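A.B. asks: I'd like to ask you about the structure that follows.
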Amino acid sequence: MKESDSPENIPAAAGSGLAAEAVDAIEGLSGVHPGYRRAHAGGICCRAVFRPNGLAAAFTTAPHLQQQETAAVVRFSGSSTDPALADLLSPAKGMAVRFSLPGGGTTCLVGATLPVFFARTPESFVDIVRTAHKAREGNLGPLELIKEITAHFSESKESLLSLNRLKPPASYAESRYYCIHAYHFIDPEGIRRPVKFEWAPDAGVRTLPLSDARQQPDRYLEDELELRLKAEPAVFQLHVIFGEKDDPTDDPTTAWPGDRRRIEIGRLHLTEIIPEPAGLLMDPAAVSEGIALSDDPILQFRHTAYGESFRRRSTE
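Heads up, the final residue of the sequence shown is numbered 1091 in our numbering, and it's a clean run with no missing numbers.
Right under this line is the structure:
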């Protein structure tokens, strides 16, 4: 997706049907905030460079995972639909990376601090978000909200329990981000292998006690990242995890076993804060040569849902 992309470049399907229902449901959580993304509304962008180590070349022909370094844009964000919400009040954080491919074009990886998603299908996503909206209208607290949703949608249990266990991060640069969907690597012989991706911070993972986090400014994570990058780059390792025969590729609500083969395939160096590029659309379904989408219905649906959100914010 290029920076010059505009709403008319988004597939027509994005403006109707289930994608529109999904974005309508998200808007019901905190209202419409003109010009902002419907989810992960508040965020900060960085300039970066990705340096692959070549270990992925045996498994994929993806051009950005060979030997040549590539430029990238990274966007960190809270998960809230409200861009004004304080960092502390948006427990899950996001890290989206757009790689500039050596031969032109872009591809994206979208990660979050939760290892799994809360919905298995686009239809259940819409139902769960609408249920959350109704439950919030009843002034339910966080624990009561989790109980209400998991009582009706068992697929959400693992994700919402993980959300409840999250502690406030000390830094965007000291958090682990899971790209929750399965993809397929395609090697030079055409062999396909199921994979998932994770970003691991070189600095390690660090959280804050709740008492300390409550003393922080509303935008403490953005402030910390600006100061950090003025001193030195922040670095993330890109790990690829290889799925085995019975590991689900169509269910983002279920984690793969922790003993799966894992290799580091490169490092991402964040160098400076930049204004958000015009038309920035972090589409996890925008894959390069050598990588294919899995049969995960949420992953495939995010293309049209993100397109609908982009269309709305670009025309407000």
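C-beta atoms are modelled at their ideal positions from N, C-alpha and C, and glycine is treated no differently.
Every value quoted in this text rests on a predicted model; they were computed, and no experiment measured them.
1. Under the assumption that S805 contacts D857 (Cβ atoms under 8 Å), give the Cβ distance between them as a whole number of angstroms.
2. State the Cα-Cα distance for the pair D799 and E898, rounded to the nearest angstrom.
3. What's the gap between the Cα of Y957 and the Cα of P1027?
4. Rounded to the nearest angstrom, what separates R740 and A1009 at their Cα positions?
5. Please return the same chain residues whose Cβ sits closer than 7 Å to the Cβ of R968, not counting the five positions on each side in sequence.
6. Anyone know if the C-beta pair for Y947 and W974 falls short of 7 Å?
7. Y947 by DSSP, collapsed to three states: which one?
8. Taking 8 Å as the cut-off, does the region 932-939 touch the region 885-894 (at least 3 CB pairs, one atom from each stretch)?
9. Starting from T1046 and walking both ways along the beta strand (DSSP E), at which residues does that stretch end?
10. Spell out a yes or no on whether the region 834-850 and the region 872-880 are touching, meaning 3 or more CB-CB pairs, one atom from each, closer than 8 Å.
11. Which value, in whole angstroms, describes the spacing of the CA atoms of A814 and S855?
12. Buried or exposed: H839, going by 16 or more other Cβ atoms within 10 Å of its Cβ?
13. Once you ignore the five residues that flank E1001 on each side, which residues in its own chain have a CB closer than 6 Å to its CB?
14. Could you name each continuous alpha helix (DSSP H) segment of 4 residues or more that falls completely within the region 932-1006, going from the start of the chain to the end?
15. Only counting the same chain, and skipping five residues up and downstream in sequence, which positions put a Cβ closer than 6 Å to that of P1023?
16. Just checking my contact of K868 with G853 at CB under 8 Å: how many whole Å lie between their CB atoms?
17. Can you tell me whether DSSP reads R895 as helix, strand or coil?
18. Measuring straight from C-alpha to C-alpha, what distance separates A1053 and R1088?
19. For the alpha helix (DSSP H) that Q1075 lies in, which residues bound it at each end?
20. Measure the Cβ-Cβ separation of A988 and E949 and say whether it is below 7 Å.
21. DSSP state of G886, grouped into three classes?
22. Look at the alpha carbon of E1007 and the alpha carbon of K922, and state the distance between them as a whole number of angstroms.
23. May I have the straight-line CA-CA distance separating I801 from E964, to the nearest angstrom?
24. What are the boundary residues of the alpha helix (DSSP H) that L1068 is part of?
25. Check whether the Cβ atoms of F1011 and P1059 sit closer than 7 Å, and answer yes or no.
26. Assuming D1025 contacts D1070 under a Cβ cut-off of 8 Å, what Cβ separation, rounded to an integer in Å, is found between them?
27. When burial is assigned at 16 or more other CB atoms within 10 Å of the CB, is A907 buried or exposed?
28. In whole angstroms, what separates the C-alpha of Q841 from that of R905?
29. Tell me whether T925 sits in a helix, a strand or coil according to DSSP, three-state version.
30. Use the C-beta contact count for P1050: other C-beta atoms within 10 angstroms, 16 or more gives buried, fewer gives exposed.
31. Along the beta strand (DSSP E) that carries G853, what are the first and last residues, could you check?
32. Kindly indicate the opening and closing residues of the beta strand (DSSP E) around A823.
C.D. replies: Considering the structure as presented:
1. As a first step, residue 805 is located in the sequence shown; it is residue number 30 there, counting from the start. As a first step, residue 857 is located in the sequence shown; it is residue number 82 there, counting from the start. Confirmed, Cβ separation roughly 4 Å.
2. Start at 1 with the first residue of the sequence shown, and residue 799 comes out as number 24. Start at 1 with the first residue of the sequence shown, and residue 898 comes out as number 123. In a straight line, the C-alpha of D799 is about 13 Å away from that of E898.
3. Counted from its first residue, the sequence shown places residue 957 at position 182. Counted from its first residue, the sequence shown places residue 1027 at position 252. One detail in the question is off: residue 957 reads as Ala in this sequence, not Tyr. Cα to Cα, the separation comes out at about 8 Å.
4. This structure does not reach residue 740, given that the chain is present from 776 up to 1091, and the question cannot be answered.
5. Your numbering for residue 968 matches position 193 in the sequence shown. Closer than 7 Å at Cβ, skipping near neighbours: F834, H959, F960 and F1017.
6. Against the sequence shown, residue 947 aligns to sequence position 172. Against the sequence shown, residue 974 aligns to sequence position 199. No; because the gap between Cβ atoms is not below 7 Å, this pair is not in contact.
7. Counting from one through the sequence shown, the residue named residue 947 turns up at place 172. Here DSSP, grouped into helix, strand and coil, assigns Y947 to helix.
8. yes
9. For the purposes of this step, residue 1046 is identified with residue 271 of the sequence shown, where counting begins at 1. First-last of the beta strand (DSSP E) with T1046: R1037 to I1049.
10. yes
11. As a position in the sequence shown, residue 814 is number 39, starting the count at 1. As a position in the sequence shown, residue 855 is number 80, starting the count at 1. So the alpha carbons of these two residues sit roughly 6 Å apart.
12. Stepping through the sequence shown from its first residue, residue 839 is reached at position 64. H839 comes out buried.
13. Residue 1001 sits at position 226 when you count from the first residue of the sequence shown. Excluding residues within five positions, the ones whose Cβ falls inside 6 Å are I1048.
14. For the alpha helix (DSSP H) assignment, the uninterrupted runs of no fewer than 4 residues enclosed by the region 932-1006 are, from N- to C-terminal side, 932-940, 985-988 and 995-1006.
15. In the sequence shown, counting from the first residue as 1, residue 1023 sits at position 248. Excluding sequence neighbours, P1023 sits near T1029.
16. As a working mapping, residue 868 is identified with position 93 in the sequence shown. As a working mapping, residue 853 is identified with position 78 in the sequence shown. About 6 Å separates the two Cβ atoms, so the contact holds.
17. Numbered from 1 along the sequence shown, position 120 holds the residue referred to as residue 895. DSSP places R895 in coil when its eight states are reduced to three.
18. The count along the sequence shown starts at 1 and reaches residue 1053 at position 278. The count along the sequence shown starts at 1 and reaches residue 1088 at position 313. When rounded, the distance between both Cα atoms is 12 Å.
19. Counted from its first residue, the sequence shown places residue 1075 at position 300. P1072 to S1089 is the span of the alpha helix (DSSP H), which, as asked, contains Q1075.
20. On the sequence shown, position 213 is the one that residue 988 refers to. On the sequence shown, position 174 is the one that residue 949 refers to. Against a cut-off of 7 Å, the Cβ pair of E949 and A988 comes out as no contact.
21. On the sequence shown, residue 886 is found 111 positions in, with the first residue counted as 1. In this structure, G886 counts as strand in the three-state DSSP scheme.
22. Numbered from its first residue, the sequence shown carries residue 1007 at position 232. Numbered from its first residue, the sequence shown carries residue 922 at position 147. When rounded, the distance between both Cα atoms is 43 Å.
23. The residue given as residue 801 occupies position 26 in the sequence shown. The residue given as residue 964 occupies position 189 in the sequence shown. One C-alpha to the other measures close to 42 Å.
24. By 1-based counting over the sequence shown, the position of residue 1068 is 293. In the DSSP annotation of this structure, L1068 is not part of any alpha helix (DSSP H); the continuous beta strand (DSSP E) holding it starts and ends at I1066 to L1068.
25. Here residue 1011 is taken as the residue at index 236 of the sequence shown, counted from 1. Here residue 1059 is taken as the residue at index 284 of the sequence shown, counted from 1. For F1011 and P1059, no; Cβs fall outside 7 Å.
26. Counting from one through the sequence shown, the residue named residue 1025 turns up at place 250. Counting from one through the sequence shown, the residue named residue 1070 turns up at place 295. That belief holds up - the Cβ atoms of D1025 and D1070 are roughly 4 Å apart, short of 8 Å.
27. Translated into the one-based positions of the sequence shown, residue 907 becomes position 132. Looking at its Cβ environment, which holds 16 or more other Cβ atoms inside 10 Å, A907 is buried.
28. Translated into the one-based positions of the sequence shown, residue 841 becomes position 66. Translated into the one-based positions of the sequence shown, residue 905 becomes position 130. About 43 Å.
29. One-based indexing of the sequence shown puts residue 925 at position 150. The answer is helix: DSSP assigns T925 an H, G or I state.
30. Here residue 1050 corresponds to residue number 275 of the sequence shown, with the count starting at 1. Answer is exposed; the Cβ neighbour count stays below 16.
31. Taking the sequence shown and counting its residues from 1, the one referred to as residue 853 is at position 78. It spans T845 to G853 - the beta strand (DSSP E) in which G853 sits, taken as one unbroken run.
32. Residue numbering aside, residue 823 sits at position 48 when the sequence shown is read from its first letter. Counted as a single uninterrupted DSSP element, the beta strand (DSSP E) harbouring A823 occupies residues G818 to P827.
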